[in-house]
Amino acid sequence: MSAEGSAARLETVARRALAEYDVSPDAALTLLNVSENATYAVDDPATGERTVLRVHRHGYHDGPAIESELAWLDALREDTGVRTPRVLPTRDGRRLLAMPEEGQPDPRHVVRFEFLPGVEPEEAGESLPDSFELLGGITARMHDHALTWQRPPGFTRFAWDYDGAFGTVARWGRWQDGMAVGPAELEVLGRLDDVLEARLARFGSGPHRYGLVHADLRLANLLEDGDQRYVIDFDDCGFGWFLYDFGTAVSFFEDDPRVPELTDAWVRGYRAVRDLPAEDEAEIPTFVLMRRLLLVAWIGSHSGTDLARSMGADYTAASCDLAESYLSRFG
Numbered sequence: 001m002s003a004e005g006s007a008a009r010l011e012t013v014a015r016r017a018l019a020e021y022d023v024s025p026d027a028a029l030t031l032l033n034v035s036e037n038a039t040y041a042v043d044d045p046a047t048g049e050r051t052v053l054r055v056h057r058h059g060y061h062d063g064p065a066i067e068s069e070l071a072w073l074d075a076l077r078e079d080t081g082v083r084t085p086r087v088l089p090t091r092d093g094r095r096l097l098a099m100p101e102e103g104q105p106d107p108r109h110v111v112r113f114e115f116l117p118g119v120e121p122e123e124a125g126e127s128l129p130d131s132f133e134l135l136g137g138i139t140a141r142m143h144d145h146a147l148t149w150q151r152p153p154g155f156t157r158f159a160w161d162y163d164g165a166f167g168t169v170a171r172w173g174r175w176q177d178g179m180a181v182g183p184a185e186l187e188v189l190g191r192l193d194d195v196l197e198a199r200l201a202r203f204g205s206g207p208h209r210y211g212l213v214h215a216d217l218r219l220a221n222l223l224e225d226g227d228q229r230y231v232i233d234f235d236d237c238g239f240g241w242f243l244y245d246f247g248t249a250v251s252f253f254e255d256d257p258r259v260p261e262l263t264d265a266w267v268r269g270y271r272a273v274r275d276l277p278a279e280d281e282a283e284i285p286t287f288v289l290m291r292r293l294l295l296v297a298w299i300g301s302h303s304g305t306d307l308a309r310s311m312g313a314d315y316t317a318a319s320c321d322l323a324e325s326y327l328s329r330f331g
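All residue numbers in the sequence shown are consecutive under full-length UniProt numbering, ending with 331.
As C-alpha cells, this is what we get:
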C-alpha cells in the first residue's frame, strides 16, 4: 500500500484514539510523517494547544516494549536534564492505547506526546561541527545514565547486537536483499559482514561499551529552539554498543568528506562528559560500517518508500566503495 493509502487508513485509527484524550472532537489532524510509524500533529481549537500523536506500525514493538521506551524518556528528562517529549495520558490515565484496526488481527498502539518547538540543525554550513560536538555531549550524558539507571521491572527492548542486525534476527531485513545487490556486491559486502562480526566479537559487550542506546541519534532527531535542545524519536532505542550511536549520527552520508572532522567534533563533545578510551575511538569506523550495512538492508526491505527509491542502487554502490576502503584498513 502507498504511503498515502496507509496514512488515510491510519487516520481513522488516530481519530478513534483522540476520543480517549481530553481533546476537542473538532481537533485538526495533520500528518507529519509516515514511514515506519505514522505521526500526526493534533491542533485543538478549544485550547490552541498542539500535541503529537504516534500510531505505531505492526510487528516492531509490543506493548511492554513501548512502555519501556516511555519509561526511559521520563527517566532521562528527570535524572539528566536531557529534554525528551512528555507523554500525555488519556482521560483515565493510560499512556499507551491499543486501538483495533479494521481488517487487522492485531491492534495499533498509539501514544500522545507534547509538541516540542524548534528545528533540526542544518546538515550544511560551517556550524555542522559545532552541532556534532553538541550531539556528542548529549549522547555521553545518555550513556552515563544508561549505566546507572535502575530500569523498572518488566523493562524490555530489543538488541542491536550482531544477531539483531545481520544474523538470525536481521531486524531490518537481510542486506543480501538490498537494492542492486548482485554477485559483485554480495562478494564485497559479504567480506564486510565477516569482518564486522569478528571485530564486534573482539570488541566485546562489557558494560562500559554496551548498554541502552538511542540507536538513531542523528541531527534529524535533535531539535534546537534558542538555547534549548530536545531529543526525539526513541522508537529504535534498545541494547547495543554505545559507539553505534555515532554510526547512526552519520546515517546516509557516511562517505561525506566531512565525516573525519565530524567524528573529531563528536568525540570532543563526548569526552567533555564521559571517558572514551583511545582504543574505543579507533573502532568508530566499525560502527559506521555496521550502520551503513544495516541501511542497505533497510532500503531493501522498504523499497516502496520515497527515501529508499531515492537512495537505491547508488547507495549500494557507494556502500561497496566504503566497504573496500574499510577492509583495506581493518580487514
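In this text, a Cβ means the ideal position worked out from N, Cα and C, and glycines have one as well.
Roughly how many whole angstroms lie between the Cα atoms of residue i and residue j?
i: A317; j: R95; result: 44 Å
i: G312; j: E123; result: 21 Å
i: G137; j: H143; result: 10 Å
i: F203; j: G173; result: 24 Å
i: L307; j: L18; result: 29 Å
i: E20; j: R157; result: 27 Å
i: A165; j: F287; result: 12 Å
i: V87; j: E324; result: 44 Å
i: G167; j: L289; result: 16 Å
i: G300; j: H61; result: 21 Å
i: V169; j: W298; result: 13 Å
i: Y315; j: G93; result: 45 Å
i: S251; j: P129; result: 16 Å
i: G125; j: L186; result: 36 Å
i: S205; j: V213; result: 13 Å
i: T305; j: V34; result: 10 Å
i: E261; j: E283; result: 16 Å
i: F242; j: D22; result: 39 Å
i: D177; j: D44; result: 44 Å
Take residue i as the anchor and find which of the options has the nearest alpha-carbon.
i: P285; options: H56, V273 and L200; result: L200
i: G211; options: F330, R141, T30 and S35; result: R141
i: T12; options: S24, Y21 and L29; result: L29
i: E114; options: H56, R258, V42 and W175; result: V42
i: V267; options: V169, G48 and S131; result: S131
i: D79; options: F252, A265 and H145; result: H145
i: N221; options: N33, D233 and D74; result: D233
i: H58; options: L31, L10, N33 and L76; result: L10
i: T90; options: G81, S24 and T305; result: S24
i: E120; options: R271, Q228, A282 and D256; result: Q228
i: E36; options: D235, P152, E49 and E197; result: D235
i: A106; options: A198, R77 and G63; result: Looking at the sequence shown, residue 106 is not Ala but Asp. For D106, the nearest C-alpha among the options comes from G63.
i: H56; options: E101, D44 and G48; result: E101
i: E254; options: L322, A8 and L97; result: L322
For the putative contact between residue i and residue j, defined by C-beta atoms under 8 Å, what is the C-beta separation to the nearest angstrom?
i: R291; j: Y244; result: 7 Å
i: V231; j: T84; result: 6 Å
i: G240; j: A184; result: Contact flag wrong, Cβ pair sits at about 30 Å.
i: R191; j: G331; result: 7 Å
Nearer than 8 Å: is that true of the beta carbon of residue i relative to any heavy atom of the ligand COA?
i: E224; result: Looking for the ligand COA in the displayed structure turns up nothing, as the structure carries no ligands at all.
Taking a contact to mean a Cβ-Cβ separation below 9 Å, would you say residue i touches residue j in this structure?
i: R329; j: D280; result: no
i: A38; j: R54; result: yes
i: L217; j: T248; result: yes
i: R112; j: T51; result: yes
i: M179; j: S303; result: yes
i: E69; j: G154; result: no
i: L223; j: G118; result: yes
i: A265; j: C237; result: no
i: L219; j: L135; result: yes
i: V181; j: V296; result: yes
i: Y270; j: T139; result: yes
i: L116; j: D225; result: yes
i: C320; j: L196; result: no
i: R151; j: A71; result: yes
i: W175; j: D193; result: yes
Would you call residue i buried or exposed, if buried means 16 or more other Cβ atoms sit within 10 Å of its Cβ?
i: P207; result: exposed
i: P277; result: exposed
i: S310; result: exposed
i: A46; result: exposed
i: D163; result: exposed
i: A27; result: buried
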